[in-house]
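What follows is a single structure, written as structure tokens, with notes after it.
Residue numbers (my numbering): 117 to 263.
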């Protein structure tokens, strides 16, 4: 079993409920593969990064042990996002090669997966921009004191 750390973010609709729903769906889908209770950070508000948004984001980190592989965990995260109404789309980039971000009902990122380093086209762990993003680091530090 590996200890994993996820970051959830939302800036649409009932944001607190979106976070609660996403966590409940993740736990439900992963229940047979969980090896520990889920730790949750407090909820943090942040401005959008990389784009202008009408609403601020709420972010929350969670952690648990699981026997699910990192790639399968990504599939579960994407399934939960889709189930909550997030459109399934490939990332889009501007002419300079910068990723285009937009408002979303839920975003679930895998920040850390045990001590593993993973570099696949669809999944990079540790999350490649983790060190640049206080909206991820602050909640992560609440539940993982080494970060």
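All residues carry an ideal CB built from backbone N, CA and C; glycine is no exception.
- Nearest in C-alpha terms to residue 232, of all of 203, 243, 223, is 243.
- Looking at the backbone, the Cα of residue 121 and that of residue 237 are separated by about 20 angstroms.
- Positions of the alpha helix (DSSP H) runs, each at least 4 residues long and wholly inside the stretch 144-209, are given as 186-199 in order along the chain.
- Short of 6 angstroms from the beta carbon of residue 222, and not among the five residues preceding or following it, lie these beta carbons of its own chain, in chain order: 126, 134, 138, 197, 200, 202.
- Residues 196, 199, 200 of the same chain have their beta carbon placed closer than 8 angstroms to that of residue 141, with the five preceding and five following residues left out of the count.
- Residue state for residue 126 is assigned as strand, using DSSP reduced to three classes.
- Residue 246 sits close to residue 253, with the two beta carbons spaced by under 8 angstroms.
- Selection 124, 188, 190 evaluated against residue 175 yields 124 as nearest (Cα-Cα).
- With respect to the 8 angstroms criterion, residue 171 and residue 219 are classified as neighbours on the basis of their beta carbons.
- Burial check for residue 152: the Cβ neighbour count within 10 Å stays below 16, so the residue is exposed.
- Taking the CA atoms as reference points, residue 210 sits about 24 angstroms from residue 226.
- According to DSSP, residue pairing for residue 223 in a beta bridge involves 125.
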